[in-house]
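Numbering (my numbering), first residue to last: 863 to 1035.
Notes follow once the structure below has been shown.
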């Protein structure tokens, strides 16, 4: 169970509150948490040796996903606001042909997961369907597993919900 301290620390990290505005002891803990997130989650990942590669960066509460093979824009996700990722976001989060909006994310440091919550465009004009994308790291940290789940109309996860999974391998340029 998360303690109030852990929840507060994660909120400070996600929102990118400058360390200079924090008490010194809290600033040091925030710095250490940020370093852990950066060490584990940033890097170059690829689906296969000659396929899509992506650079993942995290700094100041902002995630950046930069495609390295195709000339697509860098996708930025910041906590505390709705992030309009458009069609490139749909391609990244295994929802090709759909526009994507990310509303929030959570980082589970202990279980090595990052979960993005949002919505995507649907086939019905003007409607959005809720989804979540879970990024999880393998035990050695070399495999990034992306799982995208689209929720049923009632917003609850059901067995018939759409699920896509992709494995990314940590690599180098």
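Backbone N, C-alpha and C fix where the C-beta goes; we use that ideal spot for every residue, glycine too.
Predicted model, so just to flag it, every value in this text is computed and none were measured.
For this session: Name the one or two DSSP bridge partners that residue 927 has.
Result: Within the chain shown, numbered from 1, the residue matching residue 927 stands at position 65. Residue 927 pairs with 918 and 937.
Exercise. In terms of residue numbering, what span does the beta strand (DSSP E) encompassing residue 945 cover?
Worked result: As a working note, residue 945 is residue 83 in the chain shown. 945-947 is the extent of the beta strand (DSSP E) around residue 945.
For this session: Taking all protein chains shown into account, decide if residue 991 is buried (16 or more other Cβ within 10 angstroms of its Cβ) or exposed.
Result: In the chain shown, residue 991 corresponds to position 129, counting from 1. By the 10 Å Cβ count, residue 991 comes out buried.
Exercise. Does the Cβ of residue 932 have 16 or more other Cβ atoms within 10 Å, making it buried, or fewer, making it exposed?
Worked result: For the purposes of this step, residue 932 is identified with residue 70 of the chain shown, where counting begins at 1. It counts as exposed.
Problem set entry | First through last residue of the beta strand (DSSP E) which encompasses residue 873 | Looking up residue 873 in the chain shown gives position 11. Unbroken run through residue 873 is the alpha helix (DSSP H), 866-877; no beta strand (DSSP E).
Exercise. Mind checking whether the beta-carbon of residue 899 lies closer than 8 Å to any heavy atom of the ligand PLP?
Worked result: Among the components modelled here there is no ligand, and therefore nothing to report on the ligand PLP.
Problem set entry | 6 Å Cβ shell around residue 944 - same chain, five flanking residues per side excluded | On the chain shown, residue 944 is found 82 positions in, with the first residue counted as 1. Here the set comprises 963 and 965.
For this session: Determine the burial state of residue 870: buried for a count of at least 16 other Cβ atoms within 10 Å of its Cβ, exposed for fewer.
Result: Within the chain shown, the letter at position 8 stands for residue 870. Looking at its Cβ environment, which holds fewer than 16 other Cβ atoms inside 10 Å, residue 870 is exposed.
Exercise. Expressed to the nearest angstrom, what Euclidean distance is found between the alpha-carbon atoms of residue 886 and residue 939?
Worked result: Locating residue 886 in the chain shown gives position 24, where the first residue counts as 1. Locating residue 939 in the chain shown gives position 77, where the first residue counts as 1. So the alpha carbons of these two residues sit roughly 28 Å apart.
Problem set entry | residue 929 versus residue 881 - alpha carbon distance | Taking the chain shown and counting its residues from 1, one reaches residue 929 at position 67. Taking the chain shown and counting its residues from 1, one reaches residue 881 at position 19. Rounded to whole angstroms, residue 929 to residue 881 spans 30 Å at the Cα level.
Exercise. From residue 977 to residue 983, what does the alpha carbon distance come to, in whole angstroms?
Worked result: Taking the chain shown and counting its residues from 1, one reaches residue 977 at position 115. Taking the chain shown and counting its residues from 1, one reaches residue 983 at position 121. Distance between the alpha carbons of residue 977 and residue 983 is about 19 Å.
Exercise. Is residue 884 helix, strand or coil by DSSP?
Worked result: In the chain shown, the residue the question calls residue 884 occupies position 22. In the structure shown, residue 884 sits in coil (DSSP, three-state: anything other than H, G, I, E or B).
Exercise. Got a sec, what are the start and stop residues for the beta strand (DSSP E) residue 972 sits in?
Worked result: On the chain shown, position 110 is the one that residue 972 refers to. Counting along the chain, residue 972 falls outside any beta strand (DSSP E), and DSSP gives it neither H nor E.
Exercise. When burial is assigned at 16 or more other CB atoms within 10 Å of the CB, is residue 1010 buried or exposed?
Worked result: Reading the chain shown from its first residue, position 148 is the one you call residue 1010. Label assigned to residue 1010: buried.
Exercise. What does DSSP give as the partner residues of residue 991 in its beta bridges?
Worked result: For the purposes of this step, residue 991 is taken as residue 129 along the chain shown, with counting starting at 1. Residue 991 pairs with 982.
Exercise. Under three-state DSSP, which class holds residue 1029?
Worked result: Taking the chain shown and counting its residues from 1, the one referred to as residue 1029 is at position 167. Residue state, collapsed to three classes: strand.
Problem set entry | Nonlocal neighbours in the same chain, by C-beta distance under 8 Å from residue 893, ignoring five residues either side | What you label residue 893 is simply residue 31 of the chain shown in a count that begins at 1. Cβ neighbours of residue 893 beyond the five flanking positions: 881.
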